[in-house]
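With this note's numbering, the residue at position 286 of the sequence shown is 286, and numbering never jumps.
Here a beta-carbon is modelled for each residue, glycine too, at the ideal position from N, C-alpha and C.
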Amino acid sequence: MPRSISNPSSFNQLAHDELYQRTILESVSRTFALTIPLLPANLEKVVANTYLLCRIVDTIEDAVCIDPKTKQVLSTLFVKTVLDSSYSEEFVKESLIALLNHPNHDEKDLIKNIPRVLRVLQSCDEKQRHAVAQCVQIMSEGMSYFHVRQNQAGLEDLKEFEKYCYVVAGVVGEMLTTVFALHSAAFAKAISGKESLAIAFGQALQMTNILKDSPEDRLRGVSWKPKDIDQTELLVIAHQKLEDSLRYIYCIPKSEPGIRQFCFLAFGLAVLTLKQIAKRHQFQESAEVKLTRPQVSRFYIFTKIAVHSNFLMGLFFRLQGGALKA
1 MPRSISNPSS FNQLAHDELY QRTILESVSR TFALTIPLLP ANLEKVVANT
51 YLLCRIVDTI EDAVCIDPKT KQVLSTLFVK TVLDSSYSEE FVKESLIALL
101 NHPNHDEKDL IKNIPRVLRV LQSCDEKQRH AVAQCVQIMS EGMSYFHVRQ
151 NQAGLEDLKE FEKYCYVVAG VVGEMLTTVF ALHSAAFAKA ISGKESLAIA
201 FGQALQMTNI LKDSPEDRLR GVSWKPKDID QTELLVIAHQ KLEDSLRYIY
251 CIPKSEPGIR QFCFLAFGLA VLTLKQIAKR HQFQESAEVK LTRPQVSRFY
301 IFTKIAVHSN FLMGLFFRLQ GGALKA
């Protein structure tokens, strides 16, 4: 059970904090602001909270104004902050100094308000909090490993690439699986013994982001793609990950349409984005392969129907994902 609110003023504070969480989510992520509200209320809060905490980790990683060693220091301090909110003042101070020239004001506002985000986390179920903390810790420590290894040539090999995709997104798949299983006994039973599908689900989404954002990464002197593996090969690997992702979604009972739609929407947008990428051997900026609002809207409408049918979801993947294998 969530922690009880001891007095009306605490309840009002939490209500304001939850409002901030919903508002800042819309500012830092158009996609997740669309998908997360599809979840049941007790999952929406914890998943949104996790996304915002992970976004802070991403902000530190992606900031060109922060050197690798400072990134490692901030990542370590961030883990301490999530585990013990008494560190939040120090984390906010050190982060805002390091991010002084960072152009994204919404991301800096999120860091400034991390005490509010952590108060929302503390109102979640104890097992949910544990899953979130574990996810953030693995992600932060994993990214610290890669902070000093980033370069323009790319990651060493496919094994290192998959490790990177795991610490950045595979762990989120694991966290989602934990909170989904706490919510649904039927899902817990269906996913038992197939937990690796959750990792593939997260990795597939991250591979999509890496391929989509590669032009901008290249401009700042970074590549998260493995050396000596071309785009065609990566698309084939992504297709394999997406096959496992679809098997993951099939494990979600049809009695949980919100969870199924949440996952299928993220899955489908990744498929459609990768299809755009597959059409082009080269592209100069991510905007060239980014889905348009009408494309997203049409697929969103389709998901409302498709989540009730494994056949329709599978048909979508066969029709739209086939280009990735070419």
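Buried versus exposed, by CB contacts within 10 Å (16 or more), proline 103: Of the residues assessed, proline 103 falls on the exposed side of the cut-off, its CB having fewer than 16 other CB atoms within 10 angstroms.
Proximal residues to cysteine 165 (C-beta, below 8 Å), its chain only, five neighbours per side dropped: The beta carbon of cysteine 165 sits closer than 8 Å to the beta carbons of Gly202, Gln203, Gln206, Met207 and Ile210 from its chain, once the five residues preceding and following it are set aside; these are given in chain order.
Classification of alanine 15 by the beta-carbon crowding that lies within 10 angstroms, buried from 16 upward: Exposed.
Spatial neighbours of glycine 258 in its chain, beta-carbon cut-off 6 Å, leaving aside the 5 residues before and after: Closer than 6 Å at Cβ, skipping near neighbours: Leu38, Leu39 and Pro40.
Whole-angstrom C-beta distance between isoleucine 97 and isoleucine 56, which should lie under 8 Å: No, isoleucine 56 and isoleucine 97 are not in contact; Cβ-Cβ is about 15 Å, not under 8 Å.
Straight-line gap, valine 117 to asparagine 49 (C-alpha atoms, nearest Å): The alpha-carbon atoms of valine 117 and asparagine 49 are separated by roughly 7 Å.
Alpha helix (DSSP H) segment containing alanine 169, residue limits: Where alanine 169 is concerned, there is no enclosing alpha helix (DSSP H), given that its DSSP letter is neither H nor E.
Local conformation of leucine 274 per DSSP, three classes: It is helical.
Boundaries (first-last residue) of the alpha helix (DSSP H) holding threonine 292: Per DSSP, threonine 292 lies in no alpha helix (DSSP H) segment and is marked neither H nor E.
Glutamate 126, enclosing alpha helix (DSSP H) - first and last residue: 126–147 is the extent of the alpha helix (DSSP H) around glutamate 126.
CB of lysine 227 within 8 Å of CB of glutamate 156, strictly: Cβ distance < 8 Å, so lysine 227 and glutamate 156 count as in contact.
Inter-residue Cα distance where the pair is alanine 198 and serine 245: Taking the straight line joining both Cα atoms gives about 7 Å.
Reduced DSSP secondary structure (H/G/I, E/B, other) of proline 40: Under the three-state reduction of DSSP, proline 40 is assigned to coil, being neither helix nor strand.
Residues near isoleucine 138 in its chain [Cβ-Cβ closer than 8 Å; skip 5 each side]: Taking isoleucine 138 as the centre and dropping the five residues before and after it, the same chain places the C-beta of Val167 and Val171 closer than 8 Å to its C-beta, in chain order.
Residues near glutamine 152 by beta carbon distance below 8 Å, same chain, minus five either side: Counting only Cβ-Cβ distances below 8 Å, and skipping sequence neighbours, we find Arg218, Gly221, Val222 and Ser223.
Bridge partners - leucine 155, DSSP secondary structure assignment: DSSP lists Pro226 as the beta-bridge partner residues of leucine 155.
Leucine 74 vs glutamate 94 beta-carbon contact at 8 Å: Using a Cβ distance threshold of 8 Å, leucine 74 and glutamate 94 count as a contacting pair.
Cβ-based burial, glutamine 128 [other Cβ within 10 Å; buried from 16]: With 16 or more Cβ atoms within 10 Å of its Cβ, glutamine 128 is classed as buried.
Glutamine 21 burial status per 10 Å Cβ neighbour count (16 or more: buried): Buried is the call here.
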